[in-house]
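Novice:
In my numbering, the protein residues as written are 389 to 819.
1. Residues in its own chain within less than 7 Å of residue 431 by CB, not counting five upstream and five downstream?
2. Looking at C-alpha atoms only, which residue of 522, 486 and 543 is the closest neighbour of residue 531?
3. Determine the direct distance from the alpha carbon of residue 528 to that of residue 471, and round the result to whole angstroms.
4. Identify, in the order they occur along the chain, each residue of the same chain with its Cβ nearer than 7 Å to the Cβ of residue 511, setting aside the five sequence neighbours on each side.
5. With distances taken from CA atoms, which of 685, 652 and 668 is nearest residue 715?
6. Over what stretch of residues does the alpha helix (DSSP H) that includes residue 685 continue unbroken?
7. In terms of residues, what are the limits of the alpha helix (DSSP H) holding residue 653?
8. Report yes or no: do three or more beta-carbon pairs, one from the stretch 418-436 and one from the stretch 582-602, lie closer than 8 Å?
9. Considering residue 506, what are the terminal residues of the alpha helix (DSSP H) in which it resides?
10. If you scan the stretch 741-767 from start to end, which runs of the alpha helix (DSSP H) of 4 or more residues do you find wholly inside it?
11. Is DSSP giving residue 784 helix, strand or coil here?
12. Select from 786, 446 and 490 the residue whose C-alpha is nearest the C-alpha of residue 504.
13. Do residue 524 and residue 751 have their CB atoms nearer than 7 Å?
14. Figure out for me which residue from 572, 481 and 515 has the closest Cα to the Cα of residue 461.
15. With the cut-off set at 7 Å, would you say residue 788 and residue 635 are in Cβ contact?
16. Between the Cα of residue 469 and the Cα atoms of 522, 731 and 771, which residue gives the shortest distance?
17. Please list the terminal residues of the continuous alpha helix (DSSP H) segment that includes residue 416.
18. Please classify residue 588: does DSSP put it in a helix, a strand, or coil?
19. Compute the distance between the beta-carbons of residue 492 and residue 466, then report whether it is under 7 Å.
20. Is the CB-CB distance between residue 722 and residue 763 below 7 Å?
21. To the nearest angstrom, how far is the alpha carbon of residue 414 from that of residue 538?
22. Would residue 660 be called buried (16 or more neighbouring beta carbons within 10 Å of its own) or exposed?
23. Between the stretch 754-770 and the stretch 677-689, can you find at least three pairs of beta-carbon atoms closer than 8 Å?
24. Write down the C-beta distance between residue 685 and residue 737 rounded to the nearest angstrom, noting that I regard them as a contact closer than 8 Å.
25. In angstroms, rounded to a whole number, what distance separates the CA positions of residue 526 and residue 696?
26. Using the C-alpha atoms, what's the distance from residue 797 back to residue 574?
27. With distance defined between alpha-carbon atoms, name the residue in 708, 616, 631 and 704 nearest to residue 760.
28. Taking the alpha-carbon of residue 741 as reference, which of 779, 620 and 611 has the nearest alpha-carbon?
29. Can you tell me whether DSSP reads residue 641 as helix, strand or coil?
30. Could you compute how far the alpha carbon of residue 624 sits from the alpha carbon of residue 569?
31. Which residues in the same chain have their Cβ closer than 8 Å to the Cβ of residue 481, if we skip the five residues on either side of it in sequence?
32. If we call anything under 7 Å between Cβ atoms a contact, is residue 433 one with residue 443?
33. For residue 616, collect the residues of the same chain with a Cβ closer than 7 Å to its Cβ; drop the 5 residues on either side in sequence, then sort them by chain order.
34. Should residue 417 be labelled buried (16 or more other beta-carbon atoms within 10 Å of its own) or exposed?
35. Measuring alpha carbon to alpha carbon, tell me which residue in 719, 776 and 567 is nearest residue 650.
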């Protein structure tokens, strides 16, 4: 096993001399392809939002029916990760990645020519399900090929890109819808998938040798899942990230009503404010990258979650005691999103490292938990109606306190001491 430098109870060092010949830092071209795969999902979520009114007119459909196209995609994306992750542990990374990306391409083209809202909802589920392959397998490939500080930098890079995508997607989508209509958005998404598929075929080689693959079947899948969840460190970082995601989705769901109905921002001003807060996440992620070689990753995650608890408490106090004032409310929202940037990249690396004996399954559960937590938290912020920001503050504070508690209980102590002895996965199959 690797020689380990422990700080805060977590092993962060790279491979031992006997292992470094089997681990090759992924090339910039490969990282570009993996990042593109990871960006397809957020673009598919946010790029067509401005087209909702036009879609409702074209299909003569209700607003709720149009919103189902987004819900179907999110459900498909969550479920797809649960399927493609274990499949990649059994059959290797390339085959399911190629199949998933090709299916996402086909679904995107089909969405562009969907004749009814019912068919579009079904196709969006397929599109999301297939997009799950790129999200979950991209993380697994990095877990196969990189360790320690290298893995931290790569996960942070992918996290920053995934955050920038929701900022750019609505702007690009608005231009496309204005110029060519909503169906053209899905043709743009199809083009993105085509480029990603070409990148996978030409650049992504197999990172999981056959001797390290998991057996197939429901029983084997259940055993792999149990093995992953048996790691308290994996469970801790996954649960903490899911709770942070719940807090973030609470903010995302409530912010249109809080900032427009209560604070009084115009729709345009809200769009710019939301984009600025999204950029704050990217800024936080860049800041986290600067700590890679100087601060233990667990300490960065704990510091980020502690900041989230503090900011959430201040935000709840602001909207409860002092009224929802524009300056403090927006400033605290921006600080909250910046703190999230310090959590995600490092938490992904810590979780996948703890489950690298089944990286595909571990990545799948990690991704699924984020969307499931967000789906649960989103409706809670509207319990008291759209005229108060208190539920938003309560959800954000409650979720971040839960994340802090999980980190404290489950991630202390040596991370790998209780883990099964697992071989380092080489980049290429042994001769």
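Note that beta-carbon positions come from the ideal geometry of N, C-alpha and C, so glycine has one too.
Specialist: Let me spell this out:
1. 553, 557, 577 and 580
2. Here the closest residue by C-alpha is 543.
3. Distance between the alpha carbons of residue 471 and residue 528 is about 13 Å.
4. 495, 498, 499 and 502
5. 652
6. 685-709
7. No alpha helix (DSSP H) holds residue 653; DSSP gives it neither H nor E.
8. yes
9. 505-533
10. none
11. helix
12. 446
13. For the 7 Å CB-CB criterion, residue 524 and residue 751 form a contact.
14. 515
15. Yes, these two residues count as a Cβ contact at 7 Å.
16. 522
17. First-last of the alpha helix (DSSP H) with residue 416: 416-434.
18. helix
19. no
20. no
21. Cα-Cα distance, rounded: 9 Å.
22. exposed
23. no
24. 6 Å
25. 28 Å
26. Cα-Cα distance, rounded: 45 Å.
27. Looking only at 708, 616, 631 and 704, the smallest Cα-Cα distance to residue 760 is reached by 631.
28. 620
29. helix
30. 45 Å
31. 525, 528, 529, 532, 592, 594, 595, 596 and 748
32. no
33. Result list for residue 616: 622, 743, 746, 749, 750 and 753, in chain order.
34. exposed
35. 776
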